[in-house]
Amino acid sequence: MASRFQAVTLVDSPSYPNSIAWSDENLIAVASGHLVTILNPALPFGPRGLISINRSEPYPIGAVKREDLASGCLLPTTLNRDPRPSVRSVSWSNLGMAPNSGCFLAVCTTEGRVKLYRPPFCDFCAEWIEVLDLTDRLYDYLASISFEDPDIPPSEISNEPVTNHGYVDDPTDSVSVKEQKCRKVNNFVVRNAGLDSCDQISHGPSPSPELEGQGPSKGRCTKSGGRKSSHQIVPATRGRGRSAKKPPEVCSLPLITADQYASRSAMLSSLVVAWSPLLKLSSRICGAPAINSSICFSLLAVGSKSGKISFWRINVPEYYSIEQSLAPTRVELIGILKAHSSWVTAISCALLASDSSTPQVLLATGSSDGSVRIWIGQGEEFLKSPEVNNAPFYPLKEIINIYAVPVSVLSLMPTQSLHKMLLAVGRTSGAIEVWMGDTSVKTFNKAGPYDAHDQVVTGLAWAFDGCFLYSCSQDNFVRSWSLHGSSLSEMPIPSSSPGLRSVSDMPDMFISCLGLVVSPSNLAVAMVRSFDVNQLDHMYEARLQKAAVEFFWIGGHQKDILSNTSLEFDIEPLPGFTEKELVYWESNILWSLKQYEHWDKPLVIWDIVAALLAFKWSAPDYVDHVLVKWLSSSFVDVNVERSIGKVLPHVCKSFCKAASRQLHLLNIICRQVILPELKADELNSNLLNFTVDNPNFAQDKQHKLWMDLLSRSEKELRERLVGFSLSAYRSFASNSATTSSEPGYWYPFGMAQMEQWVANNNHQVHDQLKVVATEIKTCKRSRCIELAEEDKEQCSYCSAPVPFESPEFGVCRGMESNGSSGQKHKLARCAVTMQVCPITPLWLCKCCQRWISKLAPESLFKMPQQYCLDYKFSPEPSSIKVASKPQCPFCGILLQRSQPEFLLSPLPV
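Just so it is clear: in the sequence shown, position 705 is 705 by the UniProt record's numbering, and no numbers are missing.
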């Protein structure tokens, strides 16, 4: 039996499949009851983020006659009595969609509503901030076309008086007083609210919001397009007593049949949400002006009970900010696809690996009728003028289940081979099946079905590029499957766990598993399980412990078929590990590190760092062995002896040929794995003038070698940043470019500080950088160019001058008072421009703890291998702008705004 290495409890239990999601910035969202709980896996017992789902006002979709209320199609709505909506589906966007360059979280509720939330990076609260209600926009569109019903044009309104014969005690039961003043209706008004699943459907007059501990919801007139929730049937006017008679009133809503109401309700009742990967199209393809090098956006697919899927194009913000709560984000409905004839219960999206010049999006959809369909869409089609009824997706394959067993979950995985894909299908019967397809020739082969579970399959997740599939079910079992050729074989989850933590206070009385997800580096899996509350202590445990999120290591899986070879060095046996398991761990860690050498993959290596640290505590020689292998394959071209002392000097010599992403990985490993006991500020100061012969640091010779490696790596990255900035400034000056920066674009600031840094390190920097710095000085003298910033900086606190002595910090001279110098202030310098940081909200790197006021250019993070130090990579003419990137120039991880310790913040490392 596998052992979890950490676990945390939840105050409410999930109710639907796929109740857990892992973001690209290392946050976990769990749909638990009426809450979405957001955790940091690096600090599972630390602060949490919350999204609380409250009731919303219904949509005014039409009025039906009293005699139609007993129709079969209206019974699910009429019987619905859910006191509070729950969370049905959650999905994270890619990195870069939120205003702070983080992730959006899409949430679908049992009312059928879909909303987007962002992290409260500038709000200093635990509750996440609602950004957009997509169901509101969908209602506006459907209302404009009369819900696709040609029999009722938008102008046709039922004005016939209808006598109301329904009486209840509370006239404000479900309709706010303001809303009653806006529309006087004397028959039962049908308004759209999300229907629940067939086993949880109920309805009727809803309790007053005040009874739920909430204030009255904001209502508005029908004429102004008001609405707030999904479908309900609510008496709009009510009387007290038998003799109360009121004159007939006029209904302002269209009179529709029961079938029309059910159809409209299904259109607005969303069931599942899924984000597509980030799509980037060049200006040449999308026809954008030349000033924009590319257009980035993502698609959000929303499946409904009508069998239709609405697609929303959400553009990346024009610029990123940690000061403004609202950043310009464009959202557009680009199509509605009739995917199935019944409920859409599962959606999965992926980016297809192909030789096409434009990105291709794969879409898999599953339905309650048992059918599965695979679709493909071309990137440029998503930018054309939208014809909403013609969604830009085309069918590739339809999978029919002869027994009509509903689909519960889907997991789509594109392989590294061109045009190849894997699709895992989980059904309510407990069966899973895998489809392997080649989209270029539209051929699909099936593996399975396999009777994997006894109850509903609630989670599927691929790992290691499709080598392994993990499944979980309502029967409380989690299984691991290995894909070989066209067959699946069950594999036990590795029982060995490095650095096992004590979780003895966690009760092990689970009744079901409602979802699982694989970590960004594929070394760990997280799953959410519900407790059997009948077996818990009702006084203490059962009140606050309804479910738990468990974490398991999966790095010990055999990904490749290895020969019977042994480790190349002798170490003491590790408790609980066989020699083969250590070989598997080594292979998987190296595979994970290799994946991050691609600059476009978000640098989130928390699980790699955690695994290496866990092994380091018990077997430091093993960690050295793994790192030597990685360094040798990534940096060293010649064969050297496999030891730290022999490899590190060769690595230093190859830095000028290494890609920026490789140097970022090396810096993180040095700081977080090799030197974790040193504080970041202390380490940054020591690196400035570090030499191997320095007797004041690290008595251990091996630590000195790693310190020297880190110092040289960061110096190489700083040289690239300075060289890029100086060369770009020279290019802008020679082309008479605009000397002012624009939001979202980078401009070379801090020229005076960079010139001074080159002069201070004249004996260490490359000759090419000295030449560029000399040219900048000559250019300024000959053209009398004034820099945007002052050469002499002033203290933000006392206005005293701040000389440039270090790129990490500055110390002001202090204001003289009564013949004596005043207090001196130590000021942080921007890691990008080397200027003194202003007293405004700053970006922070959580790895090296450096502050940044001006973002670095995106080109800095794309520098490939065999990079040549001639500094000719700067922007040519001013017509091409360089986008800024909120990433640390030394670590490559996402920057963020510093938060108090009692608030949630992501930790990529």
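Ideal Cβ placement from N, Cα and C applies to all residues, glycine included. Quick caveat, the model's predicted, so the values are computed rather than measured.
Coarse secondary structure for residue i, derived from DSSP in three states
i: C868; result: Summary for C868: the model assigns pLDDT 49, below 50, so the residue's position carries little reliability; its value from the coordinates is reported in the next sentence. In the structure shown, C868 sits in coil (DSSP, three-state: anything other than H, G, I, E or B).
i: D621; result: helix
i: F5; result: coil
i: I145; result: coil
i: Q260; result: helix
i: T840; result: coil
i: E127; result: strand
i: L10; result: strand
i: L768; result: The question names Leu, yet the displayed sequence has Gln at residue 768. DSSP places Q768 in helix when its eight states are reduced to three.
i: R829; result: strand
i: F749; result: coil
i: D438; result: strand
i: G366; result: strand
i: V388; result: coil
i: A290; result: Note that A290 has pLDDT 42, beneath the 50 cutoff, so the model's placement of it is unreliable and the number below is only indicative. Coil.
i: K679; result: coil
i: Q849; result: coil
i: P76; result: helix
i: V97; result: Residue identity differs from the one stated: residue 97 is Met in this sequence, not Val. Note: M97 maps to coil in three-state DSSP.
i: V344; result: strand
i: Q558; result: coil
i: Q756; result: helix
i: E332; result: strand
i: D451; result: strand
i: V114; result: strand
i: I674; result: helix
i: Y403; result: coil
8 Å Cβ cutoff met for residue i and residue j
i: V36; j: L10; result: no
i: S660; j: M863; result: yes
i: G303; j: T365; result: yes
i: G370; j: P17; result: no
i: P395; j: E381; result: no
i: G62; j: R264; result: yes
i: E127; j: S52; result: yes
i: P895; j: P47; result: A small fix is needed here, since residue 895 is Leu in this sequence, not Pro. Not closer than 8 Å, so no.
i: I376; j: T439; result: yes
i: Q753; j: F804; result: yes
i: residue 922; j: G335; result: This structure cannot settle anything about residue 922, because the visible part of the chain is limited to 1 through 909.
i: R730; j: E775; result: yes
i: S56; j: R113; result: yes
i: S489; j: W553; result: no
i: N667; j: C891; result: yes
i: P120; j: A98; result: no
i: I432; j: N476; result: no
i: P807; j: W746; result: no
i: R850; j: C888; result: yes
i: Q672; j: E597; result: no
Those residues which DSSP pairs with residue i across a bridge
i: F468; result: A463 and S482
i: W22; result: I28
i: Q835; result: In the DSSP output, where bridge partners are listed per residue, Q835 has none listed.
i: S884; result: P857
i: R373; result: T365 and E398
i: S487; result: H484
i: M421; result: P414 and G437
i: T109; result: V87
i: N40; result: DSSP output for N40 lists no bridge partner at all.
i: N684; result: DSSP output for N684 lists no bridge partner at all.
i: Q794; result: P801
i: T443; result: D438
i: Q823; result: According to DSSP, which records beta bridges pairwise, Q823 is partnered with nothing at all.
i: L352; result: Q360
i: C779; result: Partner(s): none; C779 has no beta bridge.
i: G426; result: V409 and I432
Could you give the uninterrupted runs of the alpha helix (DSSP H) lying entirely in the stretch 518–555, keeping only those of 4 residues or more?
-> 541–544
Can you list, in chain order, the stretches of the beta strand (DSSP E) that have 3 or more residues and sit fully within the stretch 578–654?
-> none
Decide yes or no for the touch test of the stretch 585–604 against the stretch 519–534: beta carbon pairs closer than 8 Å, at least 3 of them.
-> yes
Counting Cβ pairs closer than 8 Å, one from the stretch 647–654 and one from the stretch 820–829, do we hit at least three?
-> no
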